[in-house]
Amino acid sequence: MDESTSQFLQLFDEHEETTPSQPLQLHPKAPRLSVQIETSPTVEWDAVLDVTIKVQYAPESLIHQNEPVKPCIFHTYDLCNPDNFQFERFVDGSWEPCEKNDDGGCSFRIVDDPDLAIHVSQDEDFESLSPGETWRTSNRIQGDWWTTFPTDARNGDRFRYYFIGVTLDWWDWGSKAEHEETVVMLPCWIAGHVTEPVANGGRPKLVVPASEAVEILYKARSEGTWLELFWQRENASQASLR
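Residue numbers (the working numbering): 142 to 383.
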């Protein structure tokens with residue numbers, strides 16, 4: 142491993158108590174992207190909660206010290222896919238994974254339609270960055286009538302939430318302007334991995350390591366789990382309409 146790669150890896154080892162998982166192996170010939178997430182440190186059981194996701198392309202001083210560093214373009218699907226984020230609850234002195242709660246999710250009707258050709262320079266799910274630049278997006282993890290917190294959450298429960306780290310399905314060197322003619326294939330339902338070119342056309346794997354975790358204190362003005370409070374609110378709402 143060269144010195145620049147080792148230096149970059151150390152960025153993800155400095156805070157072992159707040160970084161939930163060990164960094165994945167980074168390829169020295171691929172761009173360096175990192176994820177930082179931000180959200181409110183507290184949430185009421187019935188409040189909307191969004192998580193801001195910041196994806197930064199590491200500045201030139203950290204990578205390829207003897208090579209010019211170019212813009213890169215990448216598929217953003219795995220960087221905001223809820224399946225690539227983890228909830229943990231603090232129980233009896235340690236963090237324990239929470240079972241996935243799909244109350245706020247949606248499903249697709251899978252049909253046997255052909256894959257779709259997508260121009261990466263025109264599609265909102267592809268972004269390009271130059272070294273030092275940051276791309277921002279957000280995920281909603283609790284809405285007015287749904288939550289991705291465990292439905293047995295109670296007042297005072299502590300949670301942490303983090304990006305688990307992924308290997309991107311597609312990336313290339315260059316800006317969107319340089320990829321005006323580049324076409325990839327996606328499943329007919331769009332929200333999935335690039336199907337062609339296979340294996341990203343043989344380019345090195347672009348690994349995005351896990352983020353540090355954000356802690357969230359769950360609050361409720363009444364006793365009961367999220368699910369119990371939800372039904373109390375719904376029943377009260379129905380009663381007021383009679």
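Glycine included, every Cβ here is placed at the ideal spot set by N, Cα and C.
Residue i: first and last residue of the uninterrupted beta strand (DSSP E) it sits in
i      : result
ASN120 : This structure does not reach residue 120, given that the chain is present from 142 up to 383, and the question cannot be answered.
SER378 : Run containing SER378: none in the beta strand (DSSP E); it sits in the alpha helix (DSSP H), 367 to 382.
VAL184 : 183 to 185
C-alpha distance - residue i paired with residue j, whole-angstrom precision
i      : j      : result
GLN227 : GLN263 : 31 angstroms
ARG301 : GLN166 : 24 angstroms
VAL176 : PHE215 : 14 angstroms
VAL192 : ILE178 : 7 angstroms
GLN132 : PRO212 : With the chain running from 142 to 383 in the structure shown, residue 132 is simply not present.
GLU356 : PRO255 : 42 angstroms
GLN373 : PHE231 : 26 angstroms
LEU150 : ASN376 : Summary for LEU150: the model assigns pLDDT 39, below 50, so the residue's position carries little reliability, and this model does not support an answer.
GLU274 : ASN341 : 23 angstroms
SER271 : ARG277 : 14 angstroms
ILE380 : THR217 : Residue 380 is actually Ala in this sequence, not Ile. Those two C-alpha atoms are separated by around 45 angstroms.
ASP187 : TRP286 : 7 angstroms
GLU238 : VAL261 : The sequence given here has Pro at residue 238, not Glu. Each residue's alpha carbon lies about 36 angstroms from the other.
ASP253 : SER378 : 42 angstroms
LYS360 : ASN225 : 25 angstroms
ASN280 : LYS195 : 11 angstroms
ALA199 : THR292 : 38 angstroms
CYS221 : GLU229 : 18 angstroms
ALA354 : LEU368 : 25 angstroms
GLU268 : LEU190 : 25 angstroms
THR288 : ASN242 : 8 angstroms
ALA258 : GLY315 : 20 angstroms
GLY306 : PHE371 : 33 angstroms
TYR303 : PRO223 : 10 angstroms
GLU185 : ALA318 : 44 angstroms
ILE331 : GLU240 : 27 angstroms
ASP310 : GLU265 : 16 angstroms
GLY297 : THR180 : 17 angstroms
LEU382 : VAL339 : 56 angstroms
Exposed unless 16 or more other CB atoms sit within 10 angstroms - verdict on residue i
i      : result
PHE290 : buried
ASP313 : buried
ALA294 : buried
MET283 : Sequence inspection shows Gln at residue 283; the Met mentioned does not correspond to that position. Counting Cβ neighbours within 10 Å, GLN283 comes out buried, since at least 16 surround it.
THR183 : exposed
GLY343 : exposed
HIS334 : exposed
SER352 : buried
Residue range of the unbroken alpha helix (DSSP H) whose run includes residue i
i      : result
GLU274 : GLU274 -> no alpha helix (DSSP H), and no H or E assigned at all.
Residues sharing a beta bridge with residue i, DSSP
i      : result
PHE215 : GLU268, TRP312
TRP236 : PHE231
ASP191 : ARG281
HIS260 : VAL324
ILE178 : ILE194
GLU337 : MET326
GLU356 : ARG301
VAL307 : VAL349
THR288 : GLN283
Cβ contact (3+ pairs, closer than 8 angstroms) linking the region 165 to 174 and the region 342 to 354 | yes
Can we say the region 313 to 333 touches the region 358 to 367, given the rule of at least three CB pairs closer than 8 angstroms?
-> no
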